[in-house]
Structure formats: C-alpha cells, structure tokens
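Only one structure is covered here, and it is reproduced in the block below.
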Amino acid sequence: MRTKIKAILLNEQTDYEVTIKGWVRSFRNNQFIALNDGSTLNNLQIVIDFAHADESLLKRITTGAALEIKGTVIASQGKGQRVEVKAASVTVLGDCSGEEYPLQLKNRPSLEYLREIAHLRFRTNTFGAVFRVRHSLAYAIHRFFNEKGFVYLHTPIITASDAEGAGEMFRVSTLSPENPPRTEEGAIDYKEDFFGRATNLTVSGQLEAELGAMSLGEVYTFGPTFRAENSNTARHLAEFWMVEPEVAFNDLKDNMDLAEEFIQYIIGYALEHNREDLEFLTQRLAEEEKAKPQAERSEMSLIEKLEFVLNNKFERITYTEAIDILLQSKPYKKKQFQYEVQWGADLQSEHERYLVEKHFKKPVIVTDYPKEFKSFYMRLNDDGKTVAAMDILAPGIGEIVGGSQREERLDKLQQRMEDMHIPAEEMYWYLDSRRFGTAPHAGFGLGFERMVLFVTGMTNIRDVIPFPRTPKNADF
Ligand code: 4AD
Ligand code: MG
C-alpha cells in the first residue's frame, strides 16, 4: 500500500513504516531526496544511508526520476521539516535523463517557457498549486449548486444555434474540405453533412439551460465552450469552461444576489481547502510584482484580496451611473482613455479597470446596459433603451460574469430577434418556451478560467488551463 505524502505530513505520529511513490524534485549531497507525489505542494525529505548505498543507484536518483521508497517515518534531525523518511530501500520506477530533462535547469524557468513545455509544467510548484486550486474551485461549484438544489444539466457541445448571436463559431463538419458537395448556387451543401445541416461547437449552453429551467426550476451547466474570436489576449481562450446557472422566477436582483453568493462561496472554499497552495501563490505573485513599478503593484496580497472579496459586498451600479463616474474621472479629463466614453458606447477594459481598481477598489456589478450591444435574449427595460443585463467586473481581470434577466414576453422577444436578424424559424424551440407557460427567469455565465485567474493570482489565462487553445496554437 502506498501512503500519500500529504497524509504523512499531516500525521502527528512518527516511527512507523511506509511505502511512498513519487518524483524527485531535488537530490542533495547524495543523501537527501526531496520527493513530491502531487498530493500536496510540500515535498517529503527522504534520507539515504549513502555510505551503504550502491553507487549506480545513487546515479539514477536524478531530478524528475520516479521512485518507490520503503522506510520509516522519523522526527526530522534537520531544520525545515517536522518529519522525514529514513529509507530502507529505494527502487527506481522510471529514470529521468538528466541532460535532456528541461526542468533540470538551475534557474527558475519563465512561465512563457513553461507554456512551451506544457506537457511537463505540472511538475513545477506553481502549476501543481494552480491545478489543485482549479480542481477545488470546480468541486466547490458543484457543491454550491447541489446544496441549493440545482440540477446539473448537460447541454450539447455540438449545436446548430449561435447562442450569443455573435457569429464566433467553430464549424463541425465531416464534409471533404477539398471537395465539399455544392448547392446549385455553388454554396457548400450542408444538407449532405453529418447532421444534415450546418453545425458548430457551442459558444454557450444558456439557451438549452433556459429550457430546462422552465420545468426543473433551477439548473446549471458547467462545460467547455468555444469561441473563434481572434482575441490574442491574456484573458481570452478559444476553448474555455463556463458555469451557467439559470433560475425560473428570478429577476435581475435575485440574479445578482445569486452570483455574488456563488463567487464568495467558491473563494471561501479554496481559502479553506487550499491554504498551502494559496500561500505559495501569494508569495509567487509578490515576487512577480517586485519587478513592476510601485504604482502598478497591488495594494493587497493575493490572500488579503480573496479575504476582502469574501467579506465585502460587491458594488452595484447601472451602466448610466458607470458612464457618469467615467466622465468625472481623472483619466477621462486628462484624455488618458483610448476609447470614447459616452452613453451608448460599450465599456472597454480600460474603463472597467478604472471602475474596479481605481474608483471602487472591489468587484462591481454593472447593470442595465444599452440594448444595442447586448444579446437578443436580454429583457427589455421599461425605458425601451436598456436591457436587464449584468456584468461582474473583478479587480485585475475585468469581466468575470455576464448575465441577465431573460426576455420572457414572446412579442418583445420576437421583435428583438427580428431587429437583430436572428432567424426565428430555426429557433422555434426557444420561442416555444415563451409560448407554453412562459415565466420570468434569469441566469448568468461565469468564465471558469477567469475565476481561476482571480483566485490563483496568475496573470495569463494560458497558465490556468492545462492545455490552452488560442489563435495559432493547439499543441498537445
Ligand atoms: O458574457 P458572455 O459571452 O455570456 C454568455 O455566454 C451568456 N450566455 C452567459 C449566460 O448568461 N448564461 O460569457 C460569459 C463569461 C464572460 O463573462 C467571461 O468571464 C467568459 O464567459 N468568457 C471567456 N473566458 C475566456 N475566454 C473567452 N474567449 C471568453 N469569452 C467569455
Ligand atoms: Mg459578456
């Protein structure tokens, strides 16, 4: 039986026998192995009786090698650890060629370099911590909704609809790319395709989740979504995971309350269950920030920031109020914003960052945006100009949640779809939910990787998903 390193480090006892399996992080003085098995950030120190050890075995204990150790857990003789393992036997399960191994480097490899060797980067402290935290957040999401009685609904990955109406879709087709069948007009004939129509990877599970909510009451989806937007930024992925709750009878305020409680819950869960990883990431961020000019450094450490968000209410303002604040702001008056600030223009990330990082210094929920730049399904407000939308903006990230109360009135929805050239015939199934027992309802989408960015303090979204898909990159 193998004992995990986490269990050994947590166990108060000493003087018992164990079998441990893991990978060498370092080997010092032919005597001390730092062994890691992924169960915790911390390594276990293994002490070898090198005077009696086989020379050829010692040579095989290199950084990255996989070992099986049998020995006794004892109180540590040295500083830096409470317990260590006195090895009785060491078996090399897998050699790791010293010279070729990229993580052999003495200098700490950059995050950019580690991205090129993403198949190996799990083996670093940083990525071990990031992916343990990512796991905890995913688990906490399911726990939160389960405790509230939501039903986890699996919405399709392949779909014929463009939920957001933004046209940023990846086509799914089995037609020959060289010689596809053509219609008489010369267009590609998707009737001949696998599904008998043009299909794509989903950009959001929302529309199907709405259908579920109209009977199950409270549902959520949590799955991969795909966007073929050519945004090569530190906040965009072509494949990302989204959490989308949808709740019957909720209005915009209920929706905001749910989103706020939800975000605080999952942050609280990570603070409680990933303390060591978050302490490590806090230190990592502090070191990264040392390289920045004073004015650009955060005022709070990572853990302080998470505790602050956990314990303080989010700010809630309307889009119109946001525009007023921006028009009164120093950067506006000094013409430091690149994009225009004017009622009717969308908020750009420089504006969002000003509101969140400079003005309010906490997460902000902006509501009631002009209908012109929001999706067709958002509920039209009585002013006829704005919709019941909400975006949550987080410090250092920008938009982390997008949601709304949905347009439940058939005539209003049809009008909006017509105005926005959304083909109503193809969406009969969506419109049916407004024909048969329609009810007010609301929901939102949380970009999971943006949440992981926020909690881990990492700065590039490519570093919080195991294998990022971005324009011109689909390695591994
Ligand atoms: O604001 P979005 O586009 O909203 C929707 O898709 C709605 N259907 C959600 C809903 O109401 N059920 O996307 C929601 C969130 C954004 O706030 C952002 O956090 C994230 O998804 N997101 C991305 N994350 C990474 N890479 C991208 N390319 C993203 N696009 C959106
Ligand atoms: Mg959005």
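Okay, so the sequence shown: first residue is 11 according to the numbering used here, each after it adds one.
Where is the CB? At the ideal position from N, CA and C, for every residue including glycine.
Boundaries of the alpha helix (DSSP H) in which residue i is found, first to last residue
i, result
"residue 461", "458 to 466"
"residue 379", "Careful: residue 379 lies outside any alpha helix (DSSP H) and carries neither H nor E."
"residue 127", "Looking at the DSSP string, residue 127 is not in any alpha helix (DSSP H), and its letter there is neither H nor E."
"residue 293", "285 to 300"
"residue 360", "359 to 363"
"residue 341", "340 to 343"
Pair within 8 angstroms by beta-carbon distance, residue i and residue j
i, j, result
"residue 71", "residue 43", "yes"
"residue 147", "residue 461", "yes"
"residue 57", "residue 97", "yes"
"residue 467", "residue 226", "no"
"residue 132", "residue 230", "no"
"residue 457", "residue 252", "yes"
"residue 420", "residue 445", "yes"
"residue 29", "residue 50", "no"
"residue 4", "residue 426", "Any answer about residue 4 is impossible in this case: the structure gives the chain only from 11 up to 486."
"residue 75", "residue 47", "no"
"residue 347", "residue 369", "no"
"residue 213", "residue 249", "no"
"residue 136", "residue 113", "no"
"residue 396", "residue 381", "yes"
"residue 487", "residue 150", "In this structure the chain extends from 11 to 486, so residue 487 is not present and cannot be described."
"residue 280", "residue 465", "yes"
"residue 19", "residue 67", "no"
Continuous beta strand (DSSP E) stretch holding residue i: start and end
i, result
"residue 24", "No beta strand (DSSP E) contains residue 24, which DSSP labels as neither H nor E."
"residue 159", "Segment: none, residue 159 is in no beta strand (DSSP E) and carries neither H nor E."
"residue 351", "Here residue 351 belongs to no beta strand (DSSP E), and DSSP marks it neither H nor E."
"residue 319", "Here residue 319 belongs to no beta strand (DSSP E); instead the alpha helix (DSSP H) covers 312 to 321."
"residue 211", "209 to 211"
"residue 252", "249 to 258"
"residue 326", "325 to 328"
"residue 232", "228 to 236"
Residue i versus residue j: straight-line alpha-carbon distance, rounded
i, j, result
"residue 448", "residue 315", "41 angstroms"
"residue 168", "residue 210", "6 angstroms"
"residue 196", "residue 183", "18 angstroms"
"residue 459", "residue 474", "6 angstroms"
"residue 165", "residue 218", "6 angstroms"
"residue 483", "residue 256", "33 angstroms"
"residue 418", "residue 345", "42 angstroms"
"residue 201", "residue 239", "26 angstroms"
"residue 455", "residue 434", "24 angstroms"
"residue 190", "residue 180", "17 angstroms"
"residue 451", "residue 415", "6 angstroms"
"residue 222", "residue 453", "12 angstroms"
"residue 45", "residue 430", "59 angstroms"
"residue 128", "residue 121", "10 angstroms"
"residue 443", "residue 309", "48 angstroms"
"residue 307", "residue 288", "18 angstroms"
"residue 11", "residue 329", "59 angstroms"
"residue 15", "residue 22", "13 angstroms"
Residue i at chain C interface by Cβ criterion, 8 angstroms
i, result
"residue 138", "The displayed structure is made up of one protein chain only, and chain C is not part of it."
What are the start and end residues of each continuous alpha helix (DSSP H) run of 4 or more residues lying completely inside the stretch 401 to 455, in chain order? 420 to 429, 438 to 445
Any alpha helix (DSSP H) of 4 or more consecutive residues that is wholly inside the stretch 31 to 110: 65 to 70
Residues near ligand 2, CB to any non-hydrogen atom under 7 angstroms, in chain order? 401, 409, 412
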